[in-house]
Structure formats: C-alpha cells, structure tokens
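K.L.:
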Amino acid sequence: MRRPTPTALLLLTIILFGLSASPLSAAKPLPPVGEVSIELKGVGAIFGVSWGHGVLWFKGKKYPFRVEGLSVGDVGYAEIKARGKVYNLKKPLDITGTYAAVGAGVALAGGVAGLAMQNEWGVVIDLSATQSGVKLNLGPQGLTITMR
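In terms of the working numbering, the sequence shown opens at residue 1099 and continues consecutively.
1) What is the C-beta distance between alanine 1176 and leucine 1225, in whole angstroms, given that I count them as a contact (C-beta under 8 Å)?
2) Using a Cβ-Cβ cut-off of 6 Å (strictly less than) and excluding sequence neighbours within five positions of glutamine 1239, which residues of its own chain qualify?
3) Give a yes or no on contact between the region 1186 to 1199 and the region 1158 to 1173, applying the rule of three or more CB pairs nearer than 8 Å.
4) Please report the straight-line C-alpha distance between glycine 1174 and glutamate 1137, rounded to a whole angstrom.
5) Does DSSP classify leucine 1128 as helix, strand or coil?
6) Distance check for leucine 1128 and phenylalanine 1145, CA to CA, integer angstroms please.
7) Using only alpha-carbon positions, find the residue among Val1184, Glu1218 and Gly1171 that is nearest to serine 1135.
8) In the structure shown, what three-state DSSP assignment does leucine 1187 receive?
9) Which whole runs of the alpha helix (DSSP H) in the region 1139 to 1163 are 4 residues long or more, in chain order?
10) Find the nearest neighbour of valine 1221 within the set Gly1212, Thr1196 and Ser1230, judged by alpha-carbon distance.
11) Arginine 1246 to arginine 1164, Cα distance in whole Å?
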C-alpha cells in the first residue's frame, strides 16, 4: 500500500479544514440503513496518518473497503477497531469518499471513543471505537474510503 506524500498530506489537511468549517446537519439523519466495521493503524507526530480496511453490511451483503486517514495534532501510535451505523446510504458505492469530523480527545490503552463523520454524498457514519496504544489528537480528523 502506498503511503501519502507530504504534499498530498498538506493538501488533504487544507481540504479537511475547509470541510470541518461546515458543520454536520443539525437535523437527525434517517434511520440506520447499514453497518460498518473498520480496523485502522495510526501513527502521528504533529500530522497523523492512518490506514486499514473495513466492511460495509448493506441490504444483507458485505462490501469490503480500504481506509486512509489524516489528522492534525496527533502524537503517538494506535490500533483502532471501530463499529458503527450508516445513515443516508442509497447504494453501496456511496460509502466511498472523504469523511470529515472535528474533535479533540485522548484515548489511552483500551480507550473507547465515539465519532460521527459525513462524506460529500451526505452519508453519515456514527462510529464507536476501541483503541490500543496511546495517541493524543487535537485537530480535525478525516478518512477516505475506497472500495476494494
């Protein structure tokens, strides 16, 4: 798997700052239409990079995907396992795209955290994650999902 170049990371950071300026819709999304399971590894020293894979369960079928991410203000290393509900998904391919969220938090060995993210198609993933390792995050978080 190719690692992002410093230029790509900087560009993604700028995009994520722009996306984070527009908050998620205040209206409650439709009922969940699917579920996801994601496994990530991440490392950071000012900029954090994450990579991994996941599965979407939608209308009784499994759809594998890849995940890459970037965050600002990361320090440390972590392995993350997350599960969550998917909202506003009309077809499996809509799960792809760049997801953004803004938050600050710390997860220590065995920590549990929650995060809601939205992509450019309006798909919302509400994740609940457990994390091993120690990683501090102070800035925007983003994930890009591509189908395998």
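Heads up, the beta-carbon is just placed ideally off N, CA and C, and yes, glycines get one too. For clarity, every value in this text was computed on a predicted model and none was experimentally measured.
P.N.:
With the given structure in hand:
1) The C-beta distance from alanine 1176 to leucine 1225 rounds to 14 Å, too long to fall under 8 Å, and the pair is not in contact.
2) If we look at glutamine 1239 and ignore the five residues flanking it on each side, its Cβ neighbours are Ser1169 and Ala1199.
3) Verdict: yes, contact present.
4) Computed Cα separation, rounded: 17 Å.
5) DSSP, read as helix, strand or coil, puts leucine 1128 in coil.
6) Cα-Cα distance, rounded: 34 Å.
7) It is Val1184 whose Cα lies nearest to the Cα of serine 1135.
8) Secondary structure at leucine 1187: coil, using DSSP grouped into helix, strand and coil.
9) None, since the region 1139 to 1163 contains no complete alpha helix (DSSP H) of that length.
10) The candidate whose alpha carbon is nearest that of valine 1221 is Thr1196.
11) Their backbone Cα atoms lie some 6 Å apart in a straight line.
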